[in-house]
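Asks:
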Amino acid sequence: MGTKLFNYQRGGFTLIEVLVVIFILGILLTLTIASLANSRAATRDVIRLSDVRQAQSALELYFYNKNSFPAAANIVLGSGDYDVFCDTVAGFQGAEEGCSTIYFKKLPLAPTPPADNSYLYNSTDGKSYIITFTLEKGAGGLAAGQHTATAEGMQ
460 MGTKLFNYQR
470 GGFTLIEVLV
480 VIFILGILLT
490 LTIASLANSR
500 AATRDVIRLS
510 DVRQAQSALE
520 LYFYNKNSFP
530 AAANIVLGSG
540 DYDVFCDTVA
550 GFQGAEEGCS
560 TIYFKKLPLA
570 PTPPADNSYL
580 YNSTDGKSYI
590 ITFTLEKGAG
600 GLAAGQHTAT
610 AEGMQ
């Protein structure tokens with residue numbers, strides 16, 4: 460009678476097969492996380508460009524009404540002392556008191572990281588202005604690094 464005493468059936472995966480699958484999943488997860496980090500940086504850069512363009516539009520409205528830009532040096536837009544942009548002589552101030560026309564109710568803070576990132580406004584003569592800002596990866600035709608926005612555009 461030719462009956463087998465031992466009937467082995469393969470009921471699962473070998474250790475090598477499981478390790479290979481874990482290794483492949485680890486590689487895919489690493490690539491996904493790296494891609495997500497790049498996407499977040501690109502999104503922050505687009506937000507920065509949008510914020511600066513909105514500030515430029517508000518500054519143009521102020522210039523149209525006052526025939527000059529607010530004269531100020533090294534103002535960090537959106538910081539506690541310079542949250543509001545309105546029609547006062549200073550233009551930028553911490554609250555809405557004394558404003559009859561508000562151009563920007565809440566000036567935006569630059570997204571972080573990097574931790575020292577900000578929108579820095581300068582206008583010495585009231586005839587022109589410069590907003591300095593930094594991009595992480597680059598967007599809108601601008602490379603990564605520090606850039607300026609003026610009435611003529613962004614560089």
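Residue numbering for the sequence shown follows the working numbering, starting at 460 and increasing by one per position.
Ideal placement from N, C-alpha and C gives every residue a C-beta, glycine not left out.
1) When burial is assigned at 16 or more other CB atoms within 10 Å of the CB, is residue 582 buried or exposed?
2) So what does DSSP say about residue 578, is it helix, strand or coil?
3) Under the assumption that residue 510 contacts residue 578 (Cβ atoms under 8 Å), give the Cβ distance between them as a whole number of angstroms.
4) Please state the DSSP three-state secondary structure of residue 477.
5) Helix, strand or coil: how does DSSP classify residue 522 here?
6) Could you tell me which residues DSSP pairs with residue 566 in its beta bridges?
7) Are residue 569 and residue 512 closer than 8 Å when you measure CB to CB?
Replies: According to the structure shown:
1) Counting the other Cβ atoms within 10 Å of the Cβ of residue 582 gives 16 or more, which makes it buried.
2) Reduced to three states, the DSSP call for residue 578 is coil.
3) Their Cβ separation, rounded to whole angstroms, is 7 Å, which keeps residue 510 and residue 578 in contact under 8 Å.
4) Looking at residue 477 - three-state DSSP - the assignment turns out to be helix.
5) Three-state DSSP puts residue 522 in a helix.
6) DSSP output for residue 566 lists no bridge partner at all.
7) For the pair residue 569 and residue 512, the CB atoms are not nearer than the 8 Å cut-off.
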